[in-house]
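Chemist: Supplied in structure tokens, the structure appears directly below.
2 protein chains.
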Amino acid sequence: MKLDAEEIQSALKKLPGWVLLNDKLHREVKFKDFAEAFSFMAQAAIISERRNHHPEWLNIYNQVIIDLTSHDCKGISKRDVAWAEEINKVLSKYV
Amino acid sequence: MKLDAEEIQSALKKLPGWVLLNDKLHREVKFKDFAEAFSFMAQAAIISERRNHHPEWLNIYNQVIIDLTSHDCKGISKRDVAWAEEINKVLSKYV
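Protein chains in written order, with this note's numbering: chain U, 1 to 95; chain S, 1 to 95.
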């Protein structure tokens with residue numbers, strides 16, 4: 001179910017590093033190098049598959065730019081927030 | 001060294017699936033699902049690291065959209081063409 005504006009703002013308070021951009025949860029991360037960036041992506045890929053929820057993400061060398069939305073409800077849902085929370089735990093090892 | 005327009009057109013003839021877009025070599029690929037798309041990306045990541053030449057790439061579920069350019073010469077170089085040739089061999093297993 002699509003979160004409303006207030007629920008999204010409330011969720012963002014618990015998601016350091018994330019902002020709302022173009023109606024998606026958005027985070028940009030810089031790693032040490034490509035190998036570290038892709039290591040993160042491999043772990044996030046497995047998490048995404050387990051959750052059956054996948055990001056739109058762009059990788060440019062050591063940068064990973066993530067956009068998250070729920071296509072089924074055409075907005076941001078609890079599934080996006082839960083994905084971002086788990087990914088933030090992974091990212092805390094790197095950045 | 002930066003390839004000129006004629007050299008790029010000549011290279012593209014040997015690179016099925018690739019086009020010139022925004023002064024970059026560009027290819028969009030659709031896989032069966034996310035797992036297959038990310039399997040390709042893992043193999044391409046290792047090739048990129050071995051070649052010390054890395055793409056800009058976007059993944060959205062089963063889609064991978066690749067842009068290739070050489071930052072050192074601010075254009076398309078032989079290294080981009082060689083990367084695309086090797087990646088096309090990998091892609092021939094999938095698509």
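All C-beta atoms, glycine included, are put in the ideal place defined by N, C-alpha and C.
Small disclaimer: the values here were computed from a predicted structure and weren't measured.
#1: Can you list, in chain order, the residues of its chain with a C-beta nearer than 7 Å to that of Trp-18 of chain S? Leave out the 5 residues immediately preceding and following it.
#2: Looking at Ala-35 of chain U: is its Cβ nearer than 8 Å to the Cβ of Glu-49 of chain S?
#3: Please identify, using Cβ separations under 7 Å, the residues of the region 50-66 of chain S that lie next to chain U, in order along the chain.
#4: Go ahead and pull the three-state DSSP assignment for Asp-67 of chain S.
#5: Can you tell which of S:Lys-32, S:Lys-89 and S:Asp-72 has the C-alpha that lies nearest to the C-alpha of Leu-15 of chain S?
#6: Under 7 Å Cβ to Cβ from Glu-86 of chain U, same chain only, skipping five residues before and after it: list those, please.
#7: Between S:Leu-21, S:Asn-22 and S:Val-95, which lies nearest to Asn-62 of chain S when the distance is taken from Cα to Cα?
#8: For Val-19 of chain U, which beta-bridge partners are listed by DSSP?
#9: Could you list which residues in chain S have their beta carbon closer than 7 Å to that of Ala-42 of chain U, in chain order?
#10: Per DSSP, what kind of secondary structure is Ser-77 of chain U in: helix, strand or coil?
#11: Using the C-alpha atoms, what's the distance from Val-81 of chain U back to Lys-78 of chain S?
#12: Is there a Cβ from chain S that is less than 8 Å from the Cβ of Ser-48 of chain U?
#13: Using a beta-carbon distance below 8 Å, is Phe-38 of chain U in contact with chain S?
#14: Note down the Cα distance separating Glu-7 of chain S from Asp-67 of chain S, rounded to an integer number of angstroms.
#15: Can you name, in chain order, every residue of its own chain whose Cβ lies under 7 Å from the Cβ of Leu-21 of chain S, other than the five neighbours on each side?
Modeler: Taking the definition as stated:
#1: Leu-12, Leu-25, His-26, Arg-27 and Ala-84
#2: yes
#3: His-54, Glu-56, Trp-57, Leu-58, Asn-59, Ile-60 and Tyr-61
#4: strand
#5: S:Lys-89
#6: Ile-47
#7: S:Val-95
#8: U:His-26
#9: Ala-42
#10: strand
#11: 43 Å
#12: yes
#13: yes
#14: 18 Å
#15: none
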